[in-house]
Each structure stands twice: as C-alpha cells, then as structure tokens.
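Trainee:
2 protein chains.
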Amino acid sequence: MLKKLVIVGVGLIGGSFAMALRNTNMVERIVGVGRSWENLSSALGTYVIDAAETNAVNAVADADLVVLAVPVGQMGGIMQEIAPVLSSHTVITDVGSTKQDVIELAMRYMPEHLERFVPGHPIAGAERSGVKAATDSLFQDKNVILTPLPETSDDARNLVKELWQKCGAIVHEMPPKVHDQIFAAVSHLPHVLAYALVADIAARPNASDLFQFAAGGFRDFTRIASSSPEMWRDICLANRDAMVVELDSYLAQVNRMRDAIIKGDGIALQQIFDAARNARNAWISGGSK
Amino acid sequence: MLKKLVIVGVGLIGGSFAMALRNTNMVERIVGVGRSWENLSSALGTYVIDAAETNAVNAVADADLVVLAVPVGQMGGIMQEIAPVLSSHTVITDVGSTKQDVIELAMRYMPEHLERFVPGHPIAGAERSGVKAATDSLFQDKNVILTPLPETSDDARNLVKELWQKCGAIVHEMPPKVHDQIFAAVSHLPHVLAYALVADIAARPNASDLFQFAAGGFRDFTRIASSSPEMWRDICLANRDAMVVELDSYLAQVNRMRDAIIKGDGIALQQIFDAARNARNAWISGGSK
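The following block contains the structure:
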C-alpha cells in the first residue's frame, strides 16, 4: 500500500495511471502537480487526484512514489527542483518516450537517487492529450518498457513493475539504448514521416485542391501528424542518433523504390510491396493491434 | 433506363457500383465479366449481377454501358478485345486510379469509340478487395472524378455523371493530367511511403522485436501497406512522371527535417510539425474524412 503517490504532469498518461491505480486500492492518496490550474481542477473534479499542487517541491515530500509524466523537455528541470527534497525512501519513475536522455538527466540532476529511479515508457496514448482524455483502461494489455539502471534496486524495480501490472499492462525490461533504437524505428520515424507529408502538401500553391481529394488512406497515414508538436520536437532531439540511423535506412528504401519506378521495374516494386503486405498482415493477425 | 450494363471486373468497386445502381431502378440487367468463376458465382449468389461471363467479347454486345473495373494493368487488353464488337451506341467508362495512361490505351486500342468513352475514378475503396467487400453505399458522399476527352460527347459524359450521382457520389471534372498529379500527391505517394516503412522494418534482423512494440500509430500509418501489391505496382508505373515529382518533393522535405534533427534545431522542427498539425486538423474539421 502506497500512502502517497505524486504524479507530476496530470495529462493523458499521468491521469490514466492515477485512475488505473485508484481502482487497485494500492494507493491511499494521489497528489497531482501541474502548470495549469484549469487542468488540475478538472483532475480534482473527476477524482483523478485527491490534491493539486503547482509546485513539485511542495508536493513530493514524503511521497512513496513520484511519477514524472511531463514532456521529455521539462524532465531535467523537474528533477533538479525535487532532488534536494526527495525522501530517502521515495521511488521515482517516468513515462518519457525516450530513455537514454532521461537517464542522462537523472545522473546529472539527481545522482543521489539513482538507486530508487526506475525509467519507464508505457506504449499507449494517442494524438489526444490532457486529463480529459484519461481513462482507467488506457494501459490494459498494453506494453510498458522499463529500462533500469545498474544502480536501480530490485525493490524499486519490482514496485514499479507491480503497479504497471496492476494497471493491466505487460511489462518488459530492456537496456535503454535498445529501447531508443526500437522506438526510433516503429514510432519516432513514422511520426516524422507523417508530419513531413502533411507539411509538404500544405506548402503547395494548390494545397486546397489536394486536401479536397485526400481520402481515407491519407487520413490514416497522417493521423499521427495531429500529435503534439512540442512533444515530438523533444523526442526527435532527445533520440537524435537513433533517429538519423532510421531516417537513413528509410530514405535508402524509398530511393530504391524511386529507382524501380523510374526504370519501370515492376518486378522489383511488386517484391517490395508483397514483402511489406505479408509482413504487415502477419503482424496484424498476431494480436489485437 | 439502361437495358444492359456490363461490369468488367466484379470486385469491390465494380460490385459496389452494380449494387448501388440496382437500387436506383435505372438498370434492367447487369452482366458481370471476370476471370474467376468463384468470384462471379459469389456475385450471382448475392444478386449483385444477373448474369456472368468469363469472356468480355461475348458480354458487351448491345450493352448500353460498359464499366471497366479491372486493375490498370489489364485495361489495355480488355479494350483491345472488346473494341471490334462494341455497338455504336455503347458508352464506356472505367474506374482506374490513373487517367492519362488509361486514355492513352483507349486512343490506341479503341480509337473509334472515343466519342463514347468517359474516363472516371471513384475515390472510394480500401485495402479490402473482392465482391464480398462490395456494398451499395460505398460511393455515398464520395468524390468521383471524370476526365473527359475532347472527343467525349456530352450525352456520354452526362450519362456517366448521372449514374454516379444516383449512387450518392459527388462528381468532379478535371483534365487527366491534373487528376494524376493530385492523386500522386495524396494517394499514390502515401502508399509507396507506407510500403517502404514496413518493407524496411521487415528486412531487419530484429524485425520481430520491432513489430512486437509497434503500436496504434504504426498500425494506422501502415494500413495502406496491406493494399493489393499488383494494383499499386500498376499505378506506380502508370503514373511514373507525377510519382517521381512527388517523391522528390517529399524526400526534400524529409531531408530538411533530417538536417534540423542533426543540428538540434528545435525551432525549425516545431515549425514544420505545427504547420502539419494545423493543416491536418483544419482538413479533418472541414468534413467527414
């Protein structure tokens, strides 16, 4: 039983984690920290949190667990603020989409707390944001990645793991570098590619004609281009090295297809299309996607 | 009232057109032409068509309207077959995703019928295919583009236009070159880009790890990579010139974003992401997408 859970950043992820944990009866009191009173009072009004604070320093005293659920770009500032006042029993975790950079921040700003720091990343959420989009089932059957440090204690790791499992999540552990490579490929790259297509089309003199005739395929391909620009800017910069590797691999693939189109090489094109369709269909049929 | 409508290729598009037209009571008899008896008997069994033929030549005699609803790669062969037996009153239309190449085929293979040829493209359909996916509401509120030739008569054009409108579609006319440019940008390019991402990832040694952690954003981005490889190969080759223009514009955009990531230029990245999100949200809020 946790007496006090502090969620810094009561948005879609932080709010949903609070709601899911409340259902488990493993938490006595949930304190939300945020920059906007509007969002915090919405979280209070819907009983997502029991108390609200705009100052993280005031909130974290005596916390059993602090969850950092702010954009990656704000993570360092928060760590620096709270490090001096964290109790020696407080476990800290985060939900950032990149892990190597969050770990670097933790080593710089709260080196005395690494034993109780469990870096994490729930694979959930959508282009919606804010606590109004939060739901207690957001993590049901979703993957959560933990990337513990060599310093992280088993107790801290097991606590965070258990809490995510109680929220219905499937918990995996892997090294932070592997995490960042995997998500550069399957998440960060597609976001950049979707933003690129819409930005490219929106900049044309005939953009309104183009959008008029864009249909369902375009809509789904570009859905993630409605995501938070601030969040994805931070992710691209935080995961720069892996992003460039993925971009170069992808650009090489597109250039091979461009060559095949120019040469009229239908056999090469169809081989690529077949390989892609077969792989995607096998993936889709492998589970609920 | 049409006494005889012939649909060559009773798949998703051809079958749905037949079903929608039957509801209008504007057609007396619908004959389906196909390569596969399995598909044709399914179409017969569900009353999508009244009669089935595997030979287009036998089917088209005395037809009032012939709809060519086969992949673009098969269009020329069919035209060549039926041209000698088409009646002098038969109107011909097609549903091909590219228009300049279909028109070139018509000029080559049925030059004596151009007065009654109305090239068309309904913007509907999905990665599903076959008559079993057909529905009489597929074209409701969907755009249909007609790209008439200088030779096309007003009577033929008006007939085809009226039929599509009776199916619930919104009919537009534009030059074939403009059509091919627009759909290279908003449809053909995204298909190539989605196939490229899945093919790139499927070829990795750690592909199974990557797919294991791919989530909803990846699923929607790549949905169109489950489309028919044969159809999309034909489209890429048929619309080669416009495709290369679009690919190069897109690659330049992605390279600008790659540069910004390498330089750590968060301002430039966020400008692009903001422009894309704003454009997409404006598009989505403009109507049912």
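Residue numbers (numbering that gives the first Met the number 0), protein chains in the order written: chain A, 0 to 288; chain B, 0 to 288. By construction, the Cβ of each residue, glycine as well, lies at the ideal position given by its N, Cα and C atoms. Keep in mind the model is a prediction, meaning the values are calculated, not measured.
#1: Using a beta-carbon distance cut-off of less than 7 angstroms, what residues from the stretch 234-261 of chain B approach chain A?
#2: Within this structure, are the beta carbons of V9 (chain B) and G31 (chain B) separated by less than 8 angstroms?
#3: Around the C-beta of G76 (chain B), are 16 or more other C-beta atoms found within 10 angstroms, so that it is buried, or is it exposed?
#4: Can you tell which of A:A278, A:N280, A:N54 and A:M242 has its C-alpha closest to the C-alpha of W36 (chain A)?
#5: Can you list, in chain order, the residues of its chain whose CB lies under 6 angstroms from that of T23 (chain B), leaving out five sequence neighbours each side?
#6: Could you give the residue range of the beta strand (DSSP E) that holds R28 (chain A)?
#7: Is there a C-beta anywhere in chain B that falls below 8 angstroms from the one on P189 (chain A)?
#8: Nearest by alpha-carbon distance to G167 (chain A): which of A:L4, A:V7, A:F16 and A:I6 is it?
#9: To which residues does DSSP link P121 (chain A) through a beta bridge?
#10: Could you check where the alpha helix (DSSP H) with T92 (chain A) kicks off and where it finishes?
#11: Taking Cβ positions only, does R107 (chain A) come closer than 8 angstroms to chain B?
#12: Between the alpha carbons of W163 (chain B) and S86 (chain B), how many angstroms are there, rounded?
#13: Which residues share a DSSP beta bridge with L67 (chain B)?
#14: For I169 (chain B), report the span of its beta strand (DSSP E) as first-last.
#15: For the alpha helix (DSSP H) containing E150 (chain A), list its first residue and its last residue.
#16: Since V101 (chain B) meets chain A, which of its residues come closer than 9 angstroms, beta carbon to beta carbon?
#17: Over the uninterrupted alpha helix (DSSP H) stretch that includes E52 (chain A), give me the two end residues.
#18: Rounded to whole angstroms, what is the Cα-Cα separation between I91 (chain B) and K176 (chain B)?
#19: Under the DSSP definition of a beta bridge, which residues are partnered with F116 (chain A)?
#20: Alpha carbons only, please: which of A:V197, A:A68 and A:P204 is nearest the one belonging to Q270 (chain B)?
#21: For T89 (chain A), which option in A:K98, A:Q99 and A:A58 has the closest C-alpha, if you only look at C-alpha atoms?
#22: So, helix, strand or coil for L295 (chain A), using DSSP?
#23: Which residues share a DSSP beta bridge with L137 (chain A)?
#24: Assess contact between the stretch 244-254 of chain A and the stretch 182-192 of chain A, defined as three or more Cβ pairs (one per stretch) separated by less than 8 angstroms. Is contact present?
#25: Does the stretch 155-162 of chain A come within contact of the stretch 233-244 of chain B, defined as at least 3 CB pairs closer than 8 angstroms?
#26: Please look up how many angstroms separate the CB atoms of L145 (chain B) and V117 (chain B), rounded, as I've assumed it's under 8 angstroms.
#27: Compare the beta carbon distance of E150 (chain B) and E114 (chain B) with 8 angstroms and say whether it is the shorter of the two.
#28: Would you kindly report the start and end of the unbroken alpha helix (DSSP H) that includes L85 (chain B)?
#29: Note down, in chain order, every chain B residue with its Cβ under 7 angstroms from the Cβ of G265 (chain A).
#30: For a contact defined as C-beta to C-beta under 9 angstroms, what are the partners of Q269 (chain B) on chain A?
#31: Could you tell me which of A:G14, A:F210 and A:F182 sits nearest to N142 (chain B), measuring between CA atoms?
#32: Using a Cβ-Cβ cutoff of less than 7 angstroms, which residues in the same chain neighbour L39 (chain A) once the five nearest sequence positions on both sides are dropped?
#33: Quick one: residues in its chain with C-beta nearer than 8 angstroms to the C-beta of A68 (chain B), no 5 flanking neighbours on either side, listed in chain order?
#34: Which residues, taken in chain order from the stretch 192-216 of chain A, show a beta carbon closer than 9 angstroms to some beta carbon of chain B?
#35: Using a Cβ cut-off of 8 angstroms (strictly closer), state whether V117 (chain B) contacts chain A.
#36: Can you find the residues in the same chain that come closer than 6 angstroms, C-beta to C-beta, to I122 (chain A), ignoring five residues on each side of it along the sequence?
Mentor: Reading off the structure:
#1: C235, L236, R239, M242, V243, L246, S248, Y249, L250, Q252, V253, M256, R257, I260 and I261
#2: Residue numbering aside, residue 9 (chain B) sits at position 10 when the second sequence is read from its first letter. Residue numbering aside, residue 31 (chain B) sits at position 32 when the second sequence is read from its first letter. Cβ atoms of V9 (chain B) and G31 (chain B): closer than 8 angstroms.
#3: Here residue 76 (chain B) is taken as the residue at index 77 of the second sequence, counted from 1. The residue is exposed, with fewer than 16 neighbouring Cβ atoms inside 10 Å.
#4: In the first sequence, residue 36 (chain A) corresponds to position 37, counting from 1. The shortest Cα separation from W36 (chain A) among A:A278, A:N280, A:N54 and A:M242 belongs to A:N54.
#5: Residue 23 (chain B) sits at position 24 when you count from the first residue of the second sequence. Once the five neighbours on either side are set aside, the close Cβ partners of T23 (chain B) are K165.
#6: Stepping through the first sequence from its first residue, residue 28 (chain A) is reached at position 29. Start and end: V26 to V32.
#7: As a working note, residue 189 (chain A) is residue 190 in the first sequence. Chain B, which has a Cβ nearer than 8 angstroms to the Cβ of P189 (chain A), makes this yes.
#8: Counting from 1 along the first sequence, the entry for residue 167 (chain A) is found at position 168. Taking only the C-alpha atoms, the option nearest G167 (chain A) is A:F16.
#9: The sequence position of residue 121 (chain A) within the first sequence is 122, counting from 1. Answer is A:V143.
#10: The sequence position of residue 92 (chain A) within the first sequence is 93, counting from 1. That residue, T92 (chain A), is in no alpha helix (DSSP H); its beta strand (DSSP E) goes V90 to D93.
#11: To locate residue 107 (chain A), count along the first sequence from 1; it is residue 108. Not closer than 8 angstroms to any Cβ of chain B, the Cβ of R107 (chain A) fails to qualify, so no.
#12: Within the second sequence, numbered from 1, the residue matching residue 163 (chain B) stands at position 164. Within the second sequence, numbered from 1, the residue matching residue 86 (chain B) stands at position 87. So the alpha carbons of these two residues sit roughly 22 angstroms apart.
#13: Along the second sequence, read from residue 1 onward, the residue named residue 67 (chain B) stands at position 68. For L67 (chain B), which the question treats as bridged, DSSP gives the partners B:V7 and B:D93.
#14: Translated into positions along the second sequence, residue 169 (chain B) becomes position 170. I169 to E172 is the extent of the beta strand (DSSP E) around I169 (chain B).
#15: For the purposes of this step, residue 150 (chain A) is identified with residue 151 of the first sequence, where counting begins at 1. First-last for E150 (chain A): undefined, no H or E at that position.
#16: Counted from its first residue, the second sequence places residue 101 (chain B) at position 102. None at all; the shortest Cβ gap to chain A is about 17 angstroms.
#17: Start at 1 with the first residue of the first sequence, and residue 52 (chain A) comes out as number 53. Here E52 (chain A) belongs to no alpha helix (DSSP H); instead the beta strand (DSSP E) covers A50 to E52.
#18: On the second sequence, residue 91 (chain B) is found 92 positions in, with the first residue counted as 1. On the second sequence, residue 176 (chain B) is found 177 positions in, with the first residue counted as 1. I91 (chain B) and K176 (chain B): Cα-Cα distance of roughly 20 angstroms.
#19: In the first sequence, residue 116 (chain A) corresponds to position 117, counting from 1. Bridge partners of F116 (chain A): A:I91.
#20: On the second sequence, position 271 is the one that residue 270 (chain B) refers to. The candidate whose alpha carbon is nearest that of Q270 (chain B) is A:V197.
#21: Within the first sequence, residue 89 (chain A) is the residue found at index 90, counting from 1. Nearest C-alpha to T89 (chain A): A:A58.
#22: There is simply no residue 295 (chain A) to check, as chain A begins at 0 and stops at 288 in what is shown.
#23: In the first sequence, residue 137 (chain A) corresponds to position 138, counting from 1. Bridge partners of L137 (chain A): none, in fact.
#24: yes
#25: no
#26: Residue numbering aside, residue 145 (chain B) sits at position 146 when the second sequence is read from its first letter. Residue numbering aside, residue 117 (chain B) sits at position 118 when the second sequence is read from its first letter. Rounded, the Cβ-Cβ distance is 6 angstroms, consistent with contact.
#27: For this step, residue 150 (chain B) is matched to residue 151 along the second sequence. For this step, residue 114 (chain B) is matched to residue 115 along the second sequence. Taking 8 angstroms as the Cβ cut-off, E150 (chain B) and E114 (chain B) qualify as a contacting pair.
#28: For the purposes of this step, residue 85 (chain B) is identified with residue 86 of the second sequence, where counting begins at 1. Segment: none, L85 (chain B) is in no alpha helix (DSSP H) and carries neither H nor E.
#29: Here the question's residue 265 (chain A) lines up with position 266 in the first sequence. Those are R232 and L236, listed as they occur along chain B.
#30: The residue labelled residue 269 (chain B) in the question sits at position 270 within the second sequence. Ordered by position in chain A, the residues that pass the 9 angstroms Cβ test against Q269 (chain B) are P228, E229, W231 and R232.
#31: Position 143 of the second sequence holds residue 142 (chain B). For the residues A:G14, A:F210 and A:F182, the minimum Cα distance to N142 (chain B) belongs to A:F210.
#32: Residue mapping note: residue 39 (chain A) aligns to position 40 of the first sequence, counting from 1. Same-chain partners within the cutoff: V9, G31, G33 and A51.
#33: Looking up residue 68 (chain B) in the second sequence gives position 69. Sequence-distant Cβ neighbours of A68 (chain B) in its own chain, meaning closer than 8 angstroms and more than five residues away, are I6, V7, G8, V9, G10, I12, G13, F16, D93 and V94.
#34: L192, A193, Y194, A195, L196, V197, A198, D199, I200, A201, A202, R203, N205, A206, D208, L209, F210, Q211, F212, A213, A214, G215 and G216
#35: Within the second sequence, numbered from 1, the residue matching residue 117 (chain B) stands at position 118. Output row for V117 (chain B): interface = no.
#36: Along the first sequence, one-based indexing puts residue 122 (chain A) at 123. Correct list, in chain order: K141 and N142.
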